[in-house]
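Shown next, in structure tokens, is the structure this report addresses.
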Amino acid sequence: MSTQGQFPGAAGESERARRLRSLGLNEPTADEAFDRFAHLAASITRAPIAMVNFINDERQMFRGLYIPPNSTDVVAEEGSSWADRGIAFDLPTREMPLSHGFCPHVVAQRSPLALDDILAYPRFAGNPVVDELGVRAYLGAPLVDDTNTVIGTVCVLDREPRQWGRERLRDIQHLAEALLSEIRLRDNLLAQQHEMFAAFDGSPFPIMLTDGPGQEIRYANAQHADTFGAPAAYGAVGLAYPQLGAAGLQQAVSEAYHTGRATVLNEVRVQSLRPEAQRGQQIFSFTCTPLRTARTGQVTGVLTVGMDVTAQSRTEEELGTLAALLVDRLQQNGTTPVGRPGLGAGETGLVLPG
Numbered sequence: 143m144s145t146q147g148q149f150p151g152a153a154g155e156s157e158r159a160r161r162l163r164s165l166g167l168n169e170p171t172a173d174e175a176f177d178r179f180a181h182l183a184a185s186i187t188r189a190p191i192a193m194v195n196f197i198n199d200e201r202q203m204f205r206g207l208y209i210p211p212n213s214t215d216v217v218a219e220e221g222s223s224w225a226d227r228g229i230a231f232d233l234p235t236r237e238m239p240l241s242h243g244f245c246p247h248v249v250a251q252r253s254p255l256a257l258d259d260i261l262a263y264p265r266f267a268g269n270p271v272v273d274e275l276g277v278r279a280y281l282g283a284p285l286v287d288d289t290n291t292v293i294g295t296v297c298v299l300d301r302e303p304r305q306w307g308r309e310r311l312r313d314i315q316h317l318a319e320a321l322l323s324e325i326r327l328r329d330n331l332l333a334q335q336h337e338m339f340a341a342f343d344g345s346p347f348p349i350m351l352t353d354g355p356g357q358e359i360r361y362a363n364a365q366h367a368d369t370f371g372a373p374a375a376y377g378a379v380g381l382a383y384p385q386l387g388a389a390g391l392q393q394a395v396s397e398a399y400h401t402g403r404a405t406v407l408n409e410v411r412v413q414s415l416r417p418e419a420q421r422g423q424q425i426f427s428f429t430c431t432p433l434r435t436a437r438t439g440q441v442t443g444v445l446t447v448g449m450d451v452t453a454q455s456r457t458e459e460e461l462g463t464l465a466a467l468l469v470d471r472l473q474q475n476g477t478t479p480v481g482r483p484g485l486g487a488g489e490t491g492l493v494l495p496g
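Its first residue numbered 143, the sequence shown is counted upward by one per residue in the numbering used here.
Structure (structure tokens):
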């Protein structure tokens, strides 16, 4: 695999955080596949609340989350509804500090944890989630990937004491093993994706791939680095390239990600680093095309292509044609475009396997 344009992890970053970044799992955004898995975990263990939780060096991220949408939809083992038992789990965001909850303990110990009644364990009774969210029972298993790195947990919760027993403990461990198959598939697909983008290393046009709603730069080809500078590891567009961010590129990338439609940013004047620019300004146009997964259609990132129009009468159509050619390259390597991606602001983007 070519490594040109790929970035190492940030200094001091743990192997777990680096793995989450490489897997595209370092943001607390909802993921339909993981949400369905959390629902399955709740159903199998007969628990009202379930999570697929990935943990980096700073926070916990609930990419998968299940809470009963209606209290009457789920019936507890003893026959009462969760509403009768006071289930009202208020989790406004899909992230939590490392100081909260019990998943960080599972990750640190690399082993399952079953708490039938948290108040019976002095070590855990004072945890903030007990008072703030009313959690009284917890069952979780670690997610240990193929590199032997613990990247997170599968867990279930209850607001009443529970006797989890050996059967439920075995269930949560089997669920963790099953989820690792999904993660392994994503890992393989990401490796294939890196192979695809390696084909862009020699392109004469600046090309950049950003990941997630935070617009973190996962890839930039040599031309992009020569023209605008090498970005910091996984830095956001606006932080890595202040002049491009100020000119509106970060907003264009964000719009493409959130709307699922390609955006075009014309006539951006930048101070190029290229010697032939003779320290003068160059004018670039950019097209930002969203990338989607084939199975869910969920937007995962944005491919940005730049074109130097300083001394040429380039048109938006020509820029779209260039983007379409790059899409064709991706298609030849196993991706599937939707409609005619990259040809204008009304198109829907690229589809990647996964």
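Glycine included, C-beta positions come from ideal geometry on N, C-alpha and C. Computed from a predicted structure; not experimentally measured.
Straight through space, the alpha carbons of Ile197 and Arg411 are spaced by roughly 40 Å. In the DSSP assignment, Ile425 is bridged to Arg411. A distance below 6 Å between beta-carbons, with the five flanking residues on each side excluded, links Pro211 to no residue of its chain. About 14 Å separates the beta carbons of Phe342 and Met449, which is beyond the 8 Å limit, so they are not a contact pair.
The shortest CA-to-CA distance from Ser185 to any of Arg304, His247, Ile209 and Ala175 is the one to Ile209. With distances taken between CA atoms, Gln202 lies nearest to Pro239 out of Ala175, Pro239 and Leu167.
If you check the CB distance, Val296 and Val249 do not come in under 7 Å. Ranked by Cα distance from Gly243, the options Phe428, Leu299, Ala189 and Arg188 are led by Leu299. With distances taken between CA atoms, Ser164 lies nearest to Glu358 out of Glu358, Gln393, Gly439 and Gln423. In this structure, Phe428 is the residue among Gln365, Phe428 and Gly377 with its C-alpha nearest to the C-alpha of Gly390.
Our two residues, Ala279 and Leu285, have alpha carbons roughly 20 Å apart in a direct line. Residue pairing from DSSP places Arg201 in a beta bridge opposite Pro239.
Here the alpha carbon of Gly439 sits roughly 11 Å from the alpha carbon of Ala175. In terms of Cα proximity to Asp287, the closest of Gly307, Ala267, Val277 and Glu319 is Glu319.
Asn168 is not bridged by DSSP to any residue.
Within the same chain, Asp258, Asp259, Arg278 and Ala279 come within 7 Å of Pro303 by CB-CB distance, once the 5 residues on both sides are set aside.
CA-to-CA, the gap between Gly166 and Gly443 works out to about 9 Å. Shortest Cα-Cα distance from His366 to any of Asp199, Leu445 and Gly268 involves Leu445.
Per the coordinates, the alpha-carbon of Pro355 lies some 25 Å from the alpha-carbon of Ser323.
Cys430 places its beta carbon less than 7 Å from that of Val395.
When beta bridges are read from the DSSP output, Thr291 appears opposite no residue. Counting only runs that start and end inside the region 348–397, the alpha helix (DSSP H) elements of at least 4 residues fall at 364–370, 379–382 and 384–388.
Going by beta carbons, Gly402 and Pro432 fall inside the 7 Å limit. One thing to note: Thr435 has its Cβ no nearer than 7 Å to the Cβ of Arg310. Contact annotation: Arg360 and Asp353 have beta-carbon atoms nearer than 7 Å. In this structure, the alpha-carbon of Glu337 lies about 27 Å from that of Ala172. By the Cβ-count criterion, Asp273 is exposed, with fewer than 16 other Cβ atoms from all chains shown falling within 10 Å of its own Cβ. Apart from the 5 residues on each side of it in sequence, Ala262 has no Cβ closer than 6 Å to any other Cβ in its chain.
Annotated as proximal: Met193 and Leu207, with beta-carbon spacing under 7 Å.
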